[in-house]
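Enquirer:
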Ligand code: AGP
């Protein structure tokens, strides 16, 4: 997704905006640009390629204490100099940077061209620059904020935008339609970005724009209106993470840093939320549910990608321990089926970024039909966090790498707390609750014990990184973990692979196995172990090279596998927190061995804010 960053205040704007854009690089992009106002003149610097290319083209930057910047992830139009943002109108009255897609851009462009307008780019954003400028040139708008509001009323689609005008050099106008925009408030300076991580180190006081809001921003503050020109009061929130949390801290890549941070992240997710005496969980964010927890006849968890796999673990926990029928659904698929929303169904939206468009639109659909939606997110104040009825923040700290790792284990931890709470409000006896609390409290040490095998997993990754195909197999609570391991490997090492249930092998996938086919097998000492051993025998008989995650004392697995990553003793409900770690490391080291772009894999973005 595109990144946007703006600054207006007492300091030179270029370095601040460029640093902010660098913090947003993880979102993936192919070109960049910055626009400034200096001595009432609008100036724009653009460059295809990474920010370093823009730096080289403009080593002195552009002067001015007001600027807007953009990293572009091409949607409309190729990766060309003309298509870089900011886009300006022919009269160079305004400059616009945009994150989102304007669905009716072509229709508006044709109408403007019939009136004689000329366009330089293939983008939808340039249409917006024309619309805003015309509102000012033709006297319909008396201010930039009014011109932006009027222009936005004419478009359909999504738009997180920042706008500058040489007519109002002390103002930046920001607007949010679908694509997130957040303001950072400080003394005599204001920052604007597409996500809070670009503001870290400048301020901890932030304001999230809501959908269909337009903000008129100066160095001294801001004013917000909606598209009907009604004033909107906004709450200033505090973001949690500190500058050092988004620094690499000596790691080669954010992904490895975030894999290593998992024990600390799990402890942060648990902090203040376990009650050993009563053997239950304390989740203040779910108090809205109150006694309705007794009434829920079903729990539907939904998300995308890694968050969908966390939902899969949540489904298992809800059914196995809370004895509540549960389902895990891809957010887009759930919405596409015209969902049947019933009052006794609790929905749980899971999203690290809290901005994934498919999840957001599904939760809006469910709420519009009267459904109750809880959220499991990592970003305080994110759209999903604010639009769900209640929820649990996972407090994993900023996750920068596109490949989600610590968010997965923290989401699973939060879902474990939720399942424990529901289970203890139903049939789970206190002593079993206390065992589970003990298991959760030990989880971070057990994950540490898994990280110790980093070097052996690195060697395995280097041995198998040239494989044409890798299979991941698990059953029960380990089936979503197998899927997550496959997603990690495919998304950063670009190796074709599948995450399968062991039960599925004989229904087809076994045909893929030939001599030395690498297969990761997740075989914790739980109720699935015996059948998984059966799967290993089938695989071994066909020549597979089995890499297993199992108990060290499991001699049968040791006999069948090329290699076993030993599991420390753990509570069965916590096994995904441990078994996923070798798979994350395997994907990471395979990608390093293949020279991939670890934190910004091709074609992907950290937060998919378009459907
Ligand atoms: C996971 O490694 C991917 N980056 C991707 O599948 C991600 O999990 C998905 O886009 C959902 O993101 P979210 O958790 O922020 O909603």
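Numbering (this note's numbering), first residue to last: 489 to 1099.
Ideal Cβ placement from N, Cα and C applies to all residues, glycine included.
1. Go to residue 860, then tell me how far its beta strand (DSSP E) extends in each direction, as first and last residue.
2. Closest to residue 986 by C-alpha separation, out of 994, 812, 786, 972, would be which residue?
3. Opposite residue 899 in the DSSP bridges: which residues?
4. Should residue 882 go down as buried or exposed, given a rule of 16 or more other Cβ atoms within 10 Å for buried?
5. Going by CA-CA distance only, name the one from 523, 648, 510 that's closest to residue 496.
6. Drop a sphere of 10 angstroms on the beta-carbon of residue 940, count the other beta-carbons inside from all chains shown, and report buried for 16 or more, exposed for fewer.
7. Determine, using beta carbons only, whether residue 840 and residue 858 come nearer to each other than 8 Å.
8. Counting only the same chain and skipping the five closest in sequence on each side, list residues whose C-beta sits under 6 Å from that of residue 806.
9. For residue 887, which residues of its own chain have a beta-carbon under 7 Å away from its beta-carbon, when the five flanking residues on both sides are left out?
10. Please list, in chain order, all residues of the same chain as residue 708 whose beta carbon is under 7 Å from its beta carbon, the five residues on each side excluded.
11. For residue 706, report the span of its alpha helix (DSSP H) as first-last.
12. Measure the alpha-carbon distance for residue 597 versus residue 578 and round it to whole angstroms.
13. Can you give, in chain order, each stretch of the alpha helix (DSSP H) that sits fully within the segment 871–928 and has at least 4 residues?
14. Buried or exposed: where does residue 1029 fall if 16 or more other Cβ atoms within 10 Å of its Cβ makes it buried?
15. For the ligand AGP, I want to know if residue 895 counts as a neighbour, meaning its beta carbon is within less than 7 Å of at least one of the ligand's heavy atoms.
16. Mind listing, in chain order, the continuous alpha helix (DSSP H) runs of no fewer than 4 residues lying wholly within the segment 596–670?
17. If you drop the 5 nearest sequence neighbours on each side, which residues of the same chain put their C-beta closer than 7 Å to that of residue 1052?
18. Does the segment 954–963 come within contact of the segment 928–939, defined as at least 3 CB pairs closer than 8 Å?
19. Nearest to residue 791 by CA position, among 701, 850, 504, is which residue?
20. Does the beta carbon of residue 1072 fall short of 7 Å from some heavy atom of the ligand AGP?
21. Thinking C-beta only, is residue 846 closer than 8 Å to residue 820?
22. Looking at residue 663 and residue 680, is the spacing between their C-beta atoms short of 8 Å?
23. Could you tell me the alpha carbon to alpha carbon distance between residue 667 and residue 1098, rounded to whole angstroms?
24. Taking the continuous beta strand (DSSP E) assigned at residue 1006, which residues delimit it?
25. What residues in its chain sit with their C-beta under 7 Å from that of residue 949, if we drop five residues either side in the sequence?
26. Have a look at the DSSP bridge pairing and note the partners of residue 559.
27. Just to confirm, does residue 831 get its C-beta within under 7 Å of one of the non-hydrogen atoms of the ligand AGP?
28. Please confirm whether residue 583 and residue 539 have their CB atoms less than 8 Å apart.
29. Going by C-alpha to C-alpha distance, which of 958, 618, 1040 sits closest to residue 1003?
30. Could you pull the start and end residues of the alpha helix (DSSP H) that residue 540 belongs to?
31. Which of the three DSSP states is assigned to residue 1075 in this structure?
32. How many Å lie between residue 686 and residue 990 at the Cα?
33. For residue 674, which residues does DSSP report across the bridge?
34. From 829, 532, 892, pick the residue whose C-alpha is nearest to that of residue 838; which is it?
35. Is residue 964 helix, strand or coil when you go by DSSP?
36. Is residue 528 near the ligand FMN - that is, is its Cβ less than 7 Å away from at least one heavy atom of it?
Expert: Per the coordinate set shown:
1. 860–865
2. 972
3. In DSSP, residue 899 forms no bridge with anything.
4. buried
5. 523
6. exposed
7. no
8. 787, 812, 814, 907
9. 746, 840, 866, 894, 895
10. 676
11. Counting along the chain, residue 706 falls outside any alpha helix (DSSP H), though it belongs to the beta strand (DSSP E) covering 701–706.
12. 14 Å
13. 871–875, 894–912
14. exposed
15. yes
16. 613–625, 632–640
17. 1036, 1038, 1045, 1046
18. no
19. 850
20. no
21. yes
22. no
23. 8 Å
24. 1006–1011
25. 1074, 1077, 1078, 1081
26. 491, 520
27. no
28. no
29. 958
30. 539–545
31. helix
32. 43 Å
33. 677
34. 892
35. helix
36. The ligand FMN is absent from the structure shown, which contains only the ligand AGP.
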